[in-house]
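In this text, residue positions in the sequence shown follow the working numbering: the first is 408, and each later residue adds one.
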Amino acid sequence: MRDVTNIICKQTVFELIAPDSTVSVNVELTYSFRDPFAVEASFRTGNAQPVVWVFARELLADGLSEASGDGDVTVAPIERDQVELVLTSPSGHARFHASATVLSDFLEHTYAAVPAGAEYSWLDFDAALTDLLEKTMD
408 MRDVTNIICK QTVFELIAPD STVSVNVELT YSFRDPFAVE ASFRTGNAQP
458 VVWVFARELL ADGLSEASGD GDVTVAPIER DQVELVLTSP SGHARFHASA
508 TVLSDFLEHT YAAVPAGAEY SWLDFDAALT DLLEKTMD
């Protein structure tokens, strides 16, 4: 069995685009081998608990070159070295601009660790099934 505790993290800053201003937001991007299809983005503002979004690694990768996503998360290139990430929830939406270079570098590290198409080889189906069964028994 593989060591699935490996994690790739990248600290960065996204710009939250508001109607009258732009606010810098610290973001931690995380890729865990436990869920090789997903990227986690943890948004930190002040001392409050971070707001965490999880979305497909492929969605982020596709969004570097073309508009991607049609649900709660969309990613699209907008100008030289900039990507727009829009997060939508029942309580509203947030629009961020981020460096395409930073996102691309992060994704390159994730694909070097787990190549596209090899994600299933990292999934521990027995552990996932056991975890699921334990949760339904509670």
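For glycine and all other residues, C-beta sits at the position ideal for the given N, C-alpha and C. Everything numeric in this text was worked out from a predicted model, so none of it was measured.
| Check | Outcome |
| --- | --- |
| What separation, rounded to the nearest whole angstrom, lies between the Cα atoms of residue 537 and residue 469? | 33 Å |
| Give the straight-line distance between the Cα atoms of residue 496 and residue 446, rounded to the nearest whole angstrom. | 18 Å |
| Check each candidate in 499, 518, 456 and 491 and name the one with the smallest Cα separation from residue 506. | 491 |
| Are the CB atoms of residue 448 and residue 460 within a distance shorter than 8 Å? | yes |
| In the DSSP output, what is residue 435 paired with across the bridge? | 418 and 449 |
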